[in-house]
Every structure is written in structure tokens, then in C-alpha cells.
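There are 2 protein chains.
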Amino acid sequence: MSKRQLLLLSSSNYHGHEFLQFARDWITDFLKKNNVSKILFIPYASTEPDSYTKYTEKVAKPLKEFGFDVEGIHESRDPVEAINNASAIFIGGGNTFHLLKTLYDKRIVEAIRSRVLDNGIPYIGSSAGTNVATVSINTTNDMPIVLPPTFYALQLLDFNINPHYLDPITDDKHRGETRAQRINEFHHINSSPVLGLREGSALLVDGDNATLIGHTKAILFCRNEDPQEFEPDSDLSFLVSSS
Amino acid sequence: MSKRQLLLLSSSNYHGHEFLQFARDWITDFLKKNNVSKILFIPYASTEPDSYTKYTEKVAKPLKEFGFDVEGIHESRDPVEAINNASAIFIGGGNTFHLLKTLYDKRIVEAIRSRVLDNGIPYIGSSAGTNVATVSINTTNDMPIVLPPTFYALQLLDFNINPHYLDPITDDKHRGETRAQRINEFHHINSSPVLGLREGSALLVDGDNATLIGHTKAILFCRNEDPQEFEPDSDLSFLVSSS
Ligand SMILES: [Ca+2]
Ligand SMILES: [Ca+2]
């Protein structure tokens, strides 16, 4: 039985709410349940030069209000040591390619994986931070502004997630692929299931149990099958139990 | 002075038109000007298994109606030889990552580049086929379903294009990045200009001259500058003259 403790948000923003506020109760319950008061934040999804401090402050503000302390990994001289000393990890959104490349550049992929899977420290991901928690970033929506050494990611789960999942717009005149068509292209090549998390929802993973939480349904795409909708509070353990 | 002859379509579909029909006159004029009656079609952007013949037939139908013969590169035993014998090349849309990876897998990147830049054979690209004609695929909208060995592409031009360019939707409740924000992230890392080609438009390149053609304006993003709009028929030679 896995020790993993994951809270994977589709996004940090949800229409009508301030930054991270829609997830206040989820974050608070998740960290309290795990007896954590301090979080190591990883701002590497931010692409703007010299923005890691600003991004960390942006995240620290609501989290402080929720009762937690936040430190940015860029404040440490040794990122691996920072991971090894962390009692919880939060990876925020931005550009998934930039994030994954920087995780590899800083050589912290294995350290994070080990802390989460072997030591059971809680992991929060949002958007790009949710993408990298899965098998691979093959189902990100982001623009490939940099080339990571591989698309394989932290593999805290052995399926894929598509965050910010978007339903097709009725009568859309645009001829680019819909999100479902893009995921279908993924399934032409790959067999991993893809969970489409709409904004305002999250996947909560406790060992081998998983629950969909939040305000919106999720949609699951399995290769050669019709997509399946799941209501909030659905038990999605069947997705994680084998991983 | 470059010999290159390029017709780069934002998309193969345009609202209210059958497949490729909106570009009928452009394709016809472009190929006639270059005395071409036969086109080698490259269907590698298609991700569906065993779909190359179907895709080639789909493209051949309107092109035949316009007066041109089409052969699929997959019909040749040797793709490099097919390129070297081609009198014109058309690369269609689909998934840009799959397309670029297959161009490298089949070892035809250099052959195409040489035929177009050294021998001046006409190149038509649409969507993904337009992406790969530029410096790199860093500004594709597609999902990264496979990992190519590099994001560098055919480099028939030395700037980037974003096909299917989309203006932000007013009052959008979705919190994913807008297209302009994604291109801004690209410019945090890269300095290459990005031409956003809206559906229904194309870039026509004749040696060192370039013209925007079609039904919609194009938008140019240069690093650290405000984006600039160009009307149809604008002279965009300043973008290509240095390349
Ligand atoms: Ca993003
Ligand atoms: Ca595409």
C-alpha cells in the first residue's frame, strides 16, 4: 500500500474567486490531516526572468492566511537538500515544459519522488504542478517553449491528467482541435488513461484511494472507450490502486 | 537572394468552406507560377494508425479539382528519394509533434530543406505543416503526444508562426492562458518573432519577399514590444529578408 498523499488541483484560479481561495478548505484539511505547518514551494513553472520570489510571495499570501508557512525552493543553496528537508511540497502552475525541464536541470525529480512515495510527505500540485505529478506531461495544454530531456515526469501516479479541461464551445467557428480531439490524438499513440479535471476541481489521493473533489465534474478518457463523466465526490480509486 | 517559394496556410479549414476550398486561388496561382502540376503530400501529422492513405486522398480530392496530381510520400519505398524527385511538397496539418518526430525518424529534414532552399521547389504548409516550416515548433498549439529529438524544424524561415491564432474570448471564465499569454511565455525564453496567423489567412513567400494573404488580419509578436496587427495584403518582407 502506497503512502502517497496528493492534492492535485486543476488550476489555482477559479472563476469568481481570488487566487487559491476556492481550494482553501481542501488545502487546509489536507495539510492538517498530515500534521504539516510548513510548505516548500517550487515556482519553476514561472517563465518570467527573476520571478521566483514574486511567485512564491503570491502563493504564500493565501497560504499564510490559511495558517501555513511557505518557503521557496530557490531560497535554498541546495535544492536537493531542500526537498529532503521538506515536510510538504507545493508545485504551482505556469508553463509545464519550463517546469519539467527545470526539475531535471536541478536534478530533483528522484528526490521529490522518493520523499512523496517512500516518506509520504504531502504533495500539492496545481495545473502544471498537477501535470508533472503524473506519468508524463504528454497531456499538458501549454506551449512547448523549451525542450525538457524527456516528457516523463514525477510518476506519482501512473495515468495522465489534463488540467483546465475545457468542453467544446457550441457553434465554435474556430477549426483548431477541441480538447477531446487532442486527447484522442494522445490515445492514438499512448495507452495511459487521461483524467480531464475541469477548473474548480481536484483529485485527492490518499495511498491507494482517490476521490474527485470540487465544484465540477471530471471526464475520464480511456483508449478506445467512450469518455466517462464523474460527479464531484466520486471514488476514483480504481485509477490509482494499481499504481 | 533566396529561391524559396512558400505558401503557409494557418489552417486547411476555414469556417463556412469545404476542406482547402477557401485557399483554392492561392494554391492554384502559387503552383502555376512555379510551373508545377504534381505535388508530393506528406501526411505525417496524422496520428491515427494506418491513416496516411486516407489523409492523402482527402487532400488529393480538392487538389485534383484545382488541376493538380497528388502522391503520398508513404507510397514511396524511399522517402528521401521521393523528396529528391518531388516538384512540389505539401505538408498537411494534424499533430505537430508527431509530424516533426516522423520527419526526423524518416531522415528527410535536410532533404526537404535543400529541395526548397537550394532548388526552389514550392512548399505548401498548413497548420502543423506551417509550424514545421519555421525555425522551431516552440509555438505550436498542439498537445505533445510524442517527443521529437529536437523542437528545431525545417527552418525555411528564421522566425516562428502561431497558426490558428485565436483572439481572447471576451468575458471568458476559463483561467487557462490566452494565446497571447502563451506567446509571451515563449518570449521570456526565446527572442524569435512570432507571427500569429488567424484562420483564413496565409503567408506567401517569394524569395526574400513575403505577403500576408487572405481574409483575416495577422498579429506579430516581437519580444518586449507591443503586438502589431497587419491587414491582409500587407508586405511582411521585413520578416524574411534577413533569413
Ligand atoms: Ca499553463
Ligand atoms: Ca493541430
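Sequence lines, in order, name chains G and F.
Sequential numbering from 225 applies to the first sequence in the working numbering.
Sequential numbering from 225 applies to the second sequence in the working numbering.
Glycine included, each C-beta is placed from N, C-alpha and C at the ideal position.
Here the structure is a predicted model, which means the values were calculated and not measured.
Compare the C-beta of G/Thr-363 with all C-beta atoms of chain F and state if any pair is closer than 8 Å. yes
Indicate whether the contact test is met: 3 or more Cβ pairs, each with one atom in the segment 371-383 of chain F and one in the segment 264-271 of chain F, closer than 8 Å. no
Can you give the Cα-Cα distance for F/Glu-281 and F/Leu-428, rounded to whole angstroms? 25 Å
Let me check you understand the geometry: is the CB of F/Gly-317 closer than 7 Å to at least one non-hydrogen atom of ligand 2? yes
Ligand 2 heavy atoms versus the CB of G/Glu-455: any closer than 7 Å? no
Alpha carbon of F/Ser-467 to alpha carbon of F/Leu-231, nearest angstrom: Here the model assigns F/Ser-467 a pLDDT of 48, short of 50, so the residue's position is not dependable, and the following value carries that caveat. Straight-line Cα distance between these residues: approximately 16 Å.
Assuming contact is defined by CB atoms lying nearer than 8 Å, are F/Ile-307 and F/Ile-348 in contact in what I supplied? no
Using 10 angstroms around the beta-carbon of G/Thr-374, count the other beta-carbons present and answer buried if the total reaches 16, otherwise exposed. exposed
What residue range does the beta strand (DSSP E) around G/Ala-442 cover? 442-445
Could you give the C-beta distance for F/Glu-423 and G/Arg-403, rounded to a whole number, given that I count them as a contact under 8 Å? Actually they are not in contact, since the Cβ atoms of F/Glu-423 and G/Arg-403 sit about 18 Å apart, beyond 8 Å.
At a cut-off of 7 Å, would you count F/Thr-402 as near ligand 3, judging by its Cβ distance to the nearest heavy atom? Of the ligands this structure carries, namely ligand 1 and ligand 2, none is ligand 3.
Taking CB distances under 8 Å as the criterion, tell me whether G/Ser-467 reaches chain F. In this predicted model, G/Ser-467 has a pLDDT of only 48, less than 50, meaning its place in the structure is not dependable enough to derive any value.
Going by DSSP in three states, G/Gln-245 sits in which element: helix, strand or coil? helix
C-alpha gap between F/Asp-274 and F/Pro-303, whole angstroms: 17 Å
Using 7 Å as the cut-off, classify the Cβ of F/Ala-352 as near or not near the heavy atoms of ligand 2, replying yes or no. yes
In angstroms with no decimal places, state the Cα-to-Cα distance between G/Ser-461 and G/Asp-329. 33 Å
The beta strand (DSSP E) with F/Leu-323 in it runs from where to where? Looking at the DSSP string, F/Leu-323 is not in any beta strand (DSSP E); the run it does join, the alpha helix (DSSP H), is 320-329.
Evaluate F/Gln-229 with the Cβ neighbour count: other Cβ atoms within 10 Å of its Cβ, from every protein chain shown; 16 or more gives buried, anything less gives exposed. buried
For G/Arg-331, count neighbouring Cβ atoms within 10 angstroms of its own Cβ and tell me buried if that reaches 16, exposed if not. exposed
Can you pull out the residues from the segment 419-435 of chain F whose beta carbon lies closer than 8 Å to at least one beta carbon of chain G? Glu-423
Could you spell out where the alpha helix (DSSP H) holding F/Gln-405 opens and where it closes? 403-413
G/Ala-335 lies in the alpha helix (DSSP H); which residues open and close that run? 333-341
If you run the structure through DSSP and keep just helix, strand and coil, what is G/Gln-452? strand
Cβ of F/Lys-278 within 8 Å of Cβ of F/Ser-311? no
Spatial neighbours of G/Phe-454 within its chain, please: C-beta separation below 7 Å, excluding the five flanking residues on both sides. Leu-436, Lys-441, Ala-442, Leu-444 and Leu-460
Determine the burial state of G/Gly-291: buried for a count of at least 16 other Cβ atoms within 10 Å of its Cβ, exposed for fewer. exposed
Neighbour list for G/Lys-397 in chain A, Cβ cutoff strictly below 7 Å: Of the chains in the structure shown, none is chain A; the protein chains are G and F.
The beta strand (DSSP E) spanning F/Thr-506 covers which residue range? What the structure shows of chain F is the stretch from 225 to 467, and residue 506 of chain F is not part of that stretch, so it cannot be assessed.
Consult DSSP for F/Pro-387 and reduce its assignment to one of helix, strand or coil. strand
Count the other C-beta atoms from every protein chain shown that fall within 10 angstroms of the C-beta of F/Gly-240, then say buried if there are 16 or more, exposed otherwise. exposed
In DSSP terms, what G/Glu-295 is bridged to: G/Leu-264
Check the C-beta distance from F/Gly-316 over to F/Gly-353 and give it rounded, since I have them as a contact under 8 Å. 5 Å
Express the C-alpha separation of G/Ser-270 and G/Asn-237 in angstroms, rounding to a whole number. 15 Å
Simplified DSSP state of F/Leu-381, which is helix, strand or coil: coil
Might you give, ordered along the chain, the residues of its own chain that have their beta carbon closer than 7 Å to the beta carbon of G/Phe-246, omitting 5 neighbours on each side? Tyr-238 and Gly-424
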